[in-house]
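Numbering (the numbering used here), first residue to last: 392 to 638.
C-beta: ideal position from N, C-alpha, C; glycine also.
Because the structure is a prediction, the values reported are computed rather than measured.
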């Protein structure tokens, strides 16, 4: 995508509270923090269900906390963030509908603040390295009785959550060895790998089309294949802001 933030939020304002849900090891927060002046006084908070991924060497302005995306948020977080960033988490939401999994973080946004959702299309033409990963994600949704066309519904989810000025952009991103930028290629492999690790507990609990040995190796296999042949991610990025008159 070429940018850390697509939503039209003014990050040059002081003392913003920024939340990343599905933060993995916090790399997106670290990159965003590094791209902005430290004198702005922003607070960067990340949540993920796998605390074992958390980096221990983070700037003091960044805090990581353990929480599932389909758990109830603490009341004190309601309406407290200027910008909420959520990426590649809906396949890991076992105990809530997709609508609820979008509505809940929308309620964390301050009036006038922005939320941005990023999800991958699992039914688009893709090559090589992503084939097994895509199959596992489709298996998860089939088992749950859900469609896997949820990225196409992000705007609908935001609208039902009460957001305004909703927009969506679609990006076909070359990843792994196909990326023209080696650093971005490495980051894309990390992003995919961390997302797959988050899906594995769910995948282990269902009857997948992959044999068990291949399933357990799937994150490693995908990383190897993205380094060898690469792949493409079709990403849907939807964003909207909470009305300033919200109560």
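CB-CB length for residue i against residue j, believed under 8 angstroms
i: residue 472; j: residue 410; result: 5 angstroms
i: residue 567; j: residue 621; result: 4 angstroms
i: residue 479; j: residue 492; result: Between residue 492 and residue 479 the Cβ distance is about 12 angstroms, and since that is not below 8 angstroms, they are no contact.
i: residue 407; j: residue 433; result: 5 angstroms
i: residue 590; j: residue 520; result: About 16 angstroms; that fails the 8 angstroms criterion.
i: residue 435; j: residue 452; result: 5 angstroms
i: residue 565; j: residue 623; result: 6 angstroms
Cβ-based neighbour list, residue i, same chain, cut-off 6 angstroms, excluding 5 preceding and 5 following
i: residue 437; result: 411, 414, 417, 420, 455
i: residue 442; result: 457
i: residue 512; result: 542, 625
Beta-carbon gap between residue i and residue j smaller than 8 angstroms
i: residue 569; j: residue 557; result: no
i: residue 580; j: residue 525; result: no
i: residue 628; j: residue 507; result: yes
i: residue 633; j: residue 500; result: yes
i: residue 609; j: residue 523; result: yes
i: residue 551; j: residue 490; result: yes
Where residue i falls, given that 16 or more other Cβ within 10 Å makes a residue buried
i: residue 495; result: buried
i: residue 404; result: exposed
i: residue 488; result: exposed
i: residue 561; result: exposed
i: residue 465; result: exposed
i: residue 486; result: exposed
i: residue 636; result: exposed
i: residue 585; result: buried
i: residue 613; result: buried
7 angstroms Cβ shell around residue i - same chain, five flanking residues per side excluded
i: residue 422; result: 395
i: residue 459; result: 440
i: residue 446; result: 416, 417
C-beta neighbour in chain C for residue i, strict 8 angstroms
i: residue 475; result: The structure shown contains no chain C; it holds only a single protein chain.
Inset, instruction - Could you say if the region 459-469 and the region 524-533 meet the contact criterion of at least three C-beta pairs nearer than 8 angstroms? - result: Contact between the region 459-469 and the region 524-533 is absent, because fewer than three Cβ pairs lie under 8 angstroms.
Legend entry - Cβ contact check for the region 590-601 and the region 541-548: 3 or more pairs under 8 angstroms: Proximity of the region 590-601 to the region 541-548 falls short of the contact definition, fewer than three beta-carbon pairs being nearer than 8 angstroms.
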